[in-house]
Ligand SMILES: O=C(O)CCC(=O)C(=O)O
């Protein structure tokens, strides 16, 4: 009880601190907030950068990607109700008895799609204190030859909650469009054409969605042990991640440039957005993905819905010529195939 009170107090304090940080930009919190509404108004026009308001958004995106690799997105036009329902059905699923959840168990037969119980997900060789469902864009047999073999499969949907599948498919469809539009802003921020992340690079984007549940902790923060690490430190694999985090619990942390772990407070009506490994390569290092982790020290169960927007599965990902030019003319990274990068991570991520 005392711990719950202390947590609520900390949470209130952090909320206040965030408010101030947005104003004076000097507290160690993630304080980049991009209202992307002007970008969305114009995003079907490839000459959108002629618009002053779009240019302002692009400048903000550029600063956020350079300084933090993490930012809040508002003005995204995904309804509050869809955002909340996605978390609610996730929570309702995790509330089910284990026998029910395990009916959609992750296995190599589903191409690593499905439910993982606590501690089945591994980050940096250590089990994470979370349960999750992983979904991927479906890969049909032979679609990418041997490259795609590991990921071949269809998504297993639970019978309960009954509206789960319909809601999540809608969520994926809307988040895919939103991500493409944010990537148009990021392409302009890098000095390229608005559609630089389309066509052969990401015109048929792979996507990943993780529905995650982190048990509450009964331990005080200063007694923290390995088993409260909800998700170990990592960078994301693709282009862009949009996290729909629990509105009450602060647990996501980002490593800042001074090496400190910074809380990413939930901010109502926003997604937490961060850049991934493929964007580092494509931008020739202009943007770098940021290490992050999850520690739920709250006594309450936390859920999040993380959507990962990736390049084409079989895209050779290499520094884009206009980024190479901007960084002195030399490519800093060789080409990688996104699907190979993903498969190498997936094969070391699970106990199956
Ligand atoms: O749960 C969160 O807030 C973030 C999850 C995350 O970092 C991930 O799944 O890559």
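In the numbering used here, the protein residues as written are 8 to 359. For every residue, glycine included, the Cβ atom is placed at its ideal position computed from N, Cα and C.
Where are the beta strand (DSSP E) runs, 3 residues long or more, that stay fully inside the region 210-259, in chain order? The qualifying runs are 212-221, 236-241, 247-252.
In angstroms, rounded to a whole number, what distance separates the CA positions of residue 33 and residue 242? With a pLDDT of 46 at residue 33, under the threshold of 50, the modelled position of this residue cannot be trusted, and the question is left open.
When you compare each of 251, 60, 163 to residue 78 by their alpha carbons, which one comes out closest? For the residues 251, 60, 163, the minimum Cα distance to residue 78 belongs to 251.
Suppose contacts are defined by Cβ-Cβ distances below 7 angstroms. Is residue 326 in contact with residue 345 by that definition? Here residue 326 is not near residue 345, since their CB atoms are 7 angstroms or more apart.
Local Cβ density within 10 Å of residue 208, reported as buried at 16 or more and exposed below that: That one is buried.
Buried or exposed, going by whether 16 or more other CB atoms sit within 10 Å of the CB of residue 88? Residue 88 is exposed by the Cβ-count criterion.
Quick one: is residue 123 buried, meaning 16 or more other Cβ sit within 10 Å of its Cβ, or exposed? When all chains shown are included, residue 123 counts as buried.
I need the straight-line Cα distance from residue 155 to residue 349, nearest angstrom please. Residue 155 and residue 349: Cα-Cα distance of roughly 10 angstroms.
Taking 6 angstroms as the line, does the beta carbon of residue 113 fall inside it for any heavy atom of ligand 1? Not under cutoff, so the answer is no.
Three or more C-beta pairs under 8 angstroms: does that hold for the region 97-109 against the region 299-316? Touching, yes.
Please work out which residues of its chain come closer than 6 angstroms, Cβ to Cβ, to residue 58, disregarding the five sequence neighbours upstream and downstream, and give them in chain order. 49, listed in sequence order.
Apart from the five residues on each side of it in sequence, which residues of its chain come closer than 7 angstroms, Cβ to Cβ, to residue 35? Residue placement at residue 35 is poorly supported in this model, since its pLDDT is 47, which falls under 50; the coordinates still yield a value, given next. The beta carbon of residue 35 sits closer than 7 angstroms to those of 263, 267, 269, all from its chain and outside the five residues before and after it, given in chain order.
Give me, in chain order, the residues of the same chain whose beta-carbon lies closer than 6 angstroms to that of residue 195; leave out the 5 immediate sequence neighbours on both sides. Only residues of its own chain outside the window of five on either side were considered, and among them 56, 65, 201 have a CB closer than 6 angstroms to the CB of residue 195, listed in chain order.
For residue 283, which of 236, 276, 214 has the nearest alpha-carbon? The closest CA to that of residue 283, considering only 236, 276, 214, is found on 214.
So is the beta-carbon of residue 67 under 6 angstroms away from any non-hydrogen atom of ligand 1? Because no heavy atom of ligand 1 lies under 6 angstroms away, the Cβ of residue 67 does not count as near it: no.
Touching by the beta-carbon criterion (3+ pairs, under 8 angstroms), the region 141-148 and the region 60-75: Segment contact: the region 141-148 against the region 60-75, fewer than three CB-CB distances shorter than 8 angstroms; contact not assigned.
Go through the region 38-104 residue by residue and report every complete run of the alpha helix (DSSP H) that reaches 4 residues or more, in order. Whole alpha helix (DSSP H) segments, 4+ residues: 44-49, 59-74, 87-101.
Let's test the definition: count the other Cβ atoms within 10 Å of the Cβ of residue 355 and tell me whether it reaches 16, buried, or not, exposed. Classification of residue 355: exposed, given that the 10 Å Cβ count is below 16.
Best match in 273, 328, 74, 290 for proximity to residue 301 [C-alpha to C-alpha]: Among 273, 328, 74, 290, the Cα nearest to that of residue 301 is on 273.
For residue 180 and residue 303, the rounded distance between their alpha carbons: Roughly 29 angstroms between the two C-alpha positions.
Segments assigned alpha helix (DSSP H), at least 4 residues, entirely inside the region 286-347: For the region 286-347, whole alpha helix (DSSP H) runs of length 4 or above, ordered along the chain, are 328-333.
On the three-state DSSP scale, how would you describe residue 204? DSSP places residue 204 in coil when its eight states are reduced to three.
On the CB-based measure, 16 or more other CB atoms within 10 Å of its CB, does residue 31 come out buried or exposed? Note that residue 31 scores a pLDDT of 43, beneath 50, so its modelled location is shaky and nothing firm can be said.
Which of helix, strand or coil does DSSP assign to residue 274? In this structure, residue 274 counts as coil in the three-state DSSP scheme.
Can you tell me whether residue 259 is buried or exposed, with buried defined as 16 or more other CB within 10 angstroms of its CB? Classification for residue 259: buried.
In three-state DSSP terms, what is residue 284? DSSP places residue 284 in helix when its eight states are reduced to three.
Thinking C-alpha only, which one of 72, 47, 45, 46 is nearest residue 296? Selected option, being the one with the closest Cα: 72.
Can you list every residue whose CB sits closer than 6 angstroms to some heavy atom of ligand 1, going in chain order? One residue after another in chain order, those with a Cβ under 6 angstroms from a heavy atom of ligand 1 are 217, 219, 238, 243, 250, 252, 259, 299, 301, 311, 313.
Identity of the residue in 161, 61, 347 nearest residue 116 by Cα: Minimum Cα distance to residue 116 is reached at 161.
State the DSSP-derived secondary structure class of residue 350, mapped to helix, strand or coil. If DSSP states are grouped into helix, strand and coil, residue 350 belongs with the helices.
What are the boundary residues of the alpha helix (DSSP H) that residue 189 is part of? Residue 189 -> alpha helix (DSSP H) spans 171-196.
What separation, rounded to the nearest whole angstrom, lies between the Cα atoms of residue 216 and residue 142? Taking the straight line from one Cα to the other gives about 5 angstroms.
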